[in-house]
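First up is the structure itself, then whatever we jot down about it.
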Amino acid sequence: MSNRSKQNVFIVIILMMFSLIGGYWYFGILPGYKWKLVSPYAVFPNKELNKSFESKLMTHIIPVRTESRTSEDLHHIPARTESRTSGDLRPIPARTESRTSEDLQHNSMRTESKSSEDLQHIPARTESAENRTVEVIQRVPTRTKYNESRFSEKKDLHQTATNHKIHKQEKTGLILFTSWVDTKEKSLVHMNVMNSWKFWKLLVKPLFFYSNKTTGDRMKKSGWLTLPVSNTACGTSKIPVIRDMFLDAMKNYDSPLYGYANGDITFDEGISTSIKFLSENAIIREKPVMILIRRTNVDFTNGPLLNRSSNFTEIRLRGKVLNDGSSDGFFTNTLFPWKYIPDIVIGRMGIAMWLVSYARAVNATLIEISKTVQVIHMTTKSGNYESHSTQNVYCNHELYKKFNAYPTTWGCGHIHCASLELKADKNGNIILKKKSKNEITEGCYNCSMNLMNVLPKSYGKQAYPDFTV
Numbered sequence: 055m056s057n058r059s060k061q062n063v064f065i066v067i068i069l070m071m072f073s074l075i076g077g078y079w080y081f082g083i084l085p086g087y088k089w090k091l092v093s094p095y096a097v098f099p100n101k102e103l104n105k106s107f108e109s110k111l112m113t114h115i116i117p118v119r120t121e122s123r124t125s126e127d128l129h130h131i132p133a134r135t136e137s138r139t140s141g142d143l144r145p146i147p148a149r150t151e152s153r154t155s156e157d158l159q160h161n162s163m164r165t166e167s168k169s170s171e172d173l174q175h176i177p178a179r180t181e182s183a184e185n186r187t188v189e190v191i192q193r194v195p196t197r198t199k200y201n202e203s204r205f206s207e208k209k210d211l212h213q214t215a216t217n218h219k220i221h222k223q224e225k226t227g228l229i230l231f232t233s234w235v236d237t238k239e240k241s242l243v244h245m246n247v248m249n250s251w252k253f254w255k256l257l258v259k260p261l262f263f264y265s266n267k268t269t270g271d272r273m274k275k276s277g278w279l280t281l282p283v284s285n286t287a288c289g290t291s292k293i294p295v296i297r298d299m300f301l302d303a304m305k306n307y308d309s310p311l312y313g314y315a316n317g318d319i320t321f322d323e324g325i326s327t328s329i330k331f332l333s334e335n336a337i338i339r340e341k342p343v344m345i346l347i348r349r350t351n352v353d354f355t356n357g358p359l360l361n362r363s364s365n366f367t368e369i370r371l372r373g374k375v376l377n378d379g380s381s382d383g384f385f386t387n388t389l390f391p392w393k394y395i396p397d398i399v400i401g402r403m404g405i406a407m408w409l410v411s412y413a414r415a416v417n418a419t420l421i422e423i424s425k426t427v428q429v430i431h432m433t434t435k436s437g438n439y440e441s442h443s444t445q446n447v448y449c450n451h452e453l454y455k456k457f458n459a460y461p462t463t464w465g466c467g468h469i470h471c472a473s474l475e476l477k478a479d480k481n482g483n484i485i486l487k488k489k490s491k492n493e494i495t496e497g498c499y500n501c502s503m504n505l506m507n508v509l510p511k512s513y514g515k516q517a518y519p520d521f522t523v
């Protein structure tokens, strides 16, 4: 080999060595020379020079973040509040690279660590551009098996992305249900019930039992829970059986309390505070409980149409408190023995006082809430005693006769016989207290009821109970 050829080979070897060393420096492979900022200019082997050079480049080059970000990091992301013009709203480029299952697993690590509580700290975006909302919604993650934990609370993520508000869901305290047949006379009253019973969601959830699917669909569209009537009685009248209404409600919806009220009854805000207090009280978890309401009759022949701003106190003062002793609603817990009650129906004579007598006979605790809840009976042309002039008016009484299940007197089933009541103390707080003897009528004492044909034999002496206050 000539000397010239040897020189050429030597030059090539030297160039290859420099290229190899330069490449190692560039990609940070050599020990002690890992570059945090990937740049074609970062070739200084001296650490201090490189650090100085990087700080200058930071004003021109945006580094790519490759490290994992924890949920703690997200708390420190500042809110973007500046107004942005249409020129700033550059389209987000689509991601076209293929992603392996390994990539997805790394991505899931970043999403699973964020709980619903973390989402509450994501700052609101207040860009003025309308189409920014579309961009934000597109950034909502897709539900996959890798990020399942972020969807555990079943929230509407589109709403979360645009509003950045997550409300803590209030626990249900009462499933409140009713049923009716549409009539022209009652159309405004039923409209008031449909609207006003939704005022206290989610604490009080309204439920409608329908016989007519058109009515059921309308109630469902308005925001009510709905169920078909599963059992009727009272001859050809085919009226819902109250026992099955309670059993169906308990079967389909979870709540500490379940209640029926007539389809022309509404309440003021006191229903919310009273139910919240009772649903959290230990008494409903210890023994059967029945809660009773006393109505005030108010003429609603010409309205008004109720809304959230309606003054219920002013409306109630136009009416007259009903003092015949009957209750227009019954709220019970899951321990109350509804399954033994005969096929008595709503909207017919004799249901209220018989149910209260039955509750006392099975040793249920009776609680009156008339002092903390204003209950308005919206009267129309049919008057205050519609059930007295309807078809098959005595069908409930026929059942009591069949089972020989009458109380000593109907006074044993008066609302005044409730031994406990809710009232407000001097500070305005709701308390549960025992009634004084003066508040309980004479007819509530020395009562008995033969339930031998109603209760199972396992109840023993309860089939022939004598009960007092």
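One rule links them: number in the numbering used here = place in the sequence shown (from 1) + 54.
Each residue gets a CB set at the ideal place from its N, CA and C atoms; glycine is no exception.
Given the structure is predicted, the values throughout are model-derived calculations rather than measurements.
Reducing DSSP to helix, strand and coil, say where D353 ends up.
Reading the sequence shown from its first residue, position 299 is the one you call residue 353. DSSP places D353 in strand when its eight states are reduced to three.
On the CB-based measure, 16 or more other CB atoms within 10 Å of its CB, does N483 come out buried or exposed?
The residue labelled residue 483 in the question sits at position 429 within the sequence shown. Label assigned to N483: exposed.
Status (buried if at least 16 other CB within 10 Å, exposed otherwise) for K259:
The sequence position of residue 259 within the sequence shown is 205, counting from 1. Per the 10 Å Cβ criterion, buried.
Shortest alpha-carbon distance to T463 belongs to which of F64, T522 and P396?
For the purposes of this step, residue 463 is taken as residue 409 along the sequence shown, with counting starting at 1. The shortest C-alpha separation from T463 is found at T522.
With a CB to CB cut of under 6 Å and the five nearest residues on each side skipped, what residues in its chain are close to S233?
In the sequence shown, residue 233 corresponds to position 179, counting from 1. For S233, where only same-chain residues beyond five positions count, the Cβ hits under 6 Å are F263 and P294.
Would you list the residues sitting across from V343 in a DSSP beta bridge?
Against the sequence shown, residue 343 aligns to sequence position 289. In DSSP, V343 forms a bridge with T419.
Extent of the continuous beta strand (DSSP E) to which G383 belongs:
Here residue 383 refers to the residue found at position 329 when the sequence shown is read from its first residue. G383: member of the beta strand (DSSP E) spanning G383 to T386, first to last residue.
What number of angstroms, rounded off, separates the C-alpha of G289 from the C-alpha of C449?
On the sequence shown, residue 289 is found 235 positions in, with the first residue counted as 1. On the sequence shown, residue 449 is found 395 positions in, with the first residue counted as 1. Looking at the two C-alpha atoms, the distance is approximately 8 Å.
At which residues does the alpha helix (DSSP H) containing T290 begin and terminate?
The residue given as residue 290 occupies position 236 in the sequence shown. Looking at the DSSP string, T290 is not in any alpha helix (DSSP H), and its letter there is neither H nor E.
Do T388 and M299 count as a contact pair if the criterion is CB distance below 8 Å?
In the sequence shown, residue 299 corresponds to position 245, counting from 1. In the sequence shown, residue 388 corresponds to position 334, counting from 1. No, they are not a contact pair.
Which stretch, first to last residue, makes up the beta strand (DSSP E) that contains R390?
Along the sequence shown, one-based indexing puts residue 390 at 336. It is worth fixing the name first, because residue 390 is Phe in this sequence and not Arg. Counting along the chain, F390 falls outside any beta strand (DSSP E), and DSSP gives it neither H nor E.
Take I395 as the anchor and find which of V410, D382 and M403 has the nearest alpha-carbon.
Here residue 395 refers to the residue found at position 341 when the sequence shown is read from its first residue. The option with the nearest alpha carbon to I395 is V410.
Considering just the uninterrupted stretch of the alpha helix (DSSP H) at V243, what are its terminal residues?
In the sequence shown, counting from the first residue as 1, residue 243 sits at position 189. V243 -> alpha helix (DSSP H) spans S241 to S250.
Cα-Cα, which of T355, F384 and R349 is closest to K374?
One-based indexing of the sequence shown puts residue 374 at position 320. Checked all of T355, F384 and R349; the closest Cα to K374 is R349.
In three-state DSSP terms, what is M403?
Position 349 of the sequence shown holds residue 403. Here DSSP, grouped into helix, strand and coil, assigns M403 to coil.
Alpha carbon to alpha carbon, what distance is there between K456 and T269?
To locate residue 269, count along the sequence shown from 1; it is residue 215. To locate residue 456, count along the sequence shown from 1; it is residue 402. CA-to-CA, the gap between T269 and K456 works out to about 34 Å.
Out of E340, Y454, L242 and M273, state which residue places its alpha-carbon closest to the alpha-carbon of K435.
By one-based count along the sequence shown, residue 435 stands at place 381. Among E340, Y454, L242 and M273, the Cα nearest to that of K435 belongs to L242.
I need the boundaries of the alpha helix (DSSP H) containing Y499, first residue and last residue.
Within the sequence shown, residue 499 is the residue found at index 445, counting from 1. It is not in any alpha helix (DSSP H) - Y499 carries neither H nor E in the DSSP assignment.
So with Cβ pairs under 8 Å, would you call I345 a contact of chain D?
Note that chain D does not occur in the displayed structure, where there is just one protein chain.
Leaving out five residues before and five after S284 in sequence, what residues of the same chain have Cβ atoms less than 7 Å from its Cβ?
Start at 1 with the first residue of the sequence shown, and residue 284 comes out as number 230. Exclusion of the five residues before and after S284 leaves D298 and D302 as the residues of its chain whose Cβ lies within less than 7 Å of its Cβ.
Under the DSSP definition of a beta bridge, which residues are partnered with Y314?
For this step, residue 314 is matched to residue 260 along the sequence shown. BP columns for Y314 point to F231 and F384.
For A478, the first and last residue of its enclosing beta strand (DSSP E):
Locating residue 478 in the sequence shown gives position 424, where the first residue counts as 1. It spans L474 to A478 - the beta strand (DSSP E) in which A478 sits, taken as one unbroken run.
Kindly indicate which residue of D382, L360 and S265 has the alpha-carbon position closest to the one of W251.
The sequence position of residue 251 within the sequence shown is 197, counting from 1. Checking every option, the nearest Cα to that of W251 belongs to L360.
Relative to the C-alpha of R362, which residue among I338, Y460, F321 and N335 is closest?
The residue given as residue 362 occupies position 308 in the sequence shown. Closest option to R362, Cα to Cα, is F321.
Near C466, what residues of its chain come up, given a Cβ to Cβ distance below 6 Å and the 5 sequence neighbours on each side ignored?
By one-based count along the sequence shown, residue 466 stands at place 412. Excluding five sequence positions before and after C466, the CB atoms of its chain that fall closer than 6 Å to its own CB belong to S411 and C501, given in chain order.
By DSSP, does H468 sit in helix, in strand, or in coil?
Taking the first residue of the sequence shown as position 1, residue 468 is located at position 414. Three-state DSSP puts H468 in coil, outside helix and strand.
Around the C-beta of N246, are 16 or more other C-beta atoms found within 10 angstroms, so that it is buried, or is it exposed?
Here residue 246 is taken as the residue at index 192 of the sequence shown, counted from 1. With 16 or more other Cβ atoms from the protein chains shown falling within 10 Å of its own Cβ, N246 counts as buried.
Is the region 315–333 touching the region 272–281 in the sense that three or more CB pairs, one from each, lie closer than 8 Å?
Judged by Cβ distances under 8 Å, the region 272–281 makes no contact with the region 315–333, as fewer than three pairs qualify.
Suppose contacts are defined by Cβ-Cβ distances below 8 Å. Is G277 in contact with L257 by that definition?
Position 223 of the sequence shown, counted from the start, is the residue given in the question as residue 277. Position 203 of the sequence shown, counted from the start, is the residue given in the question as residue 257. Against a cut-off of 8 Å, the Cβ pair of L257 and G277 comes out as no contact.
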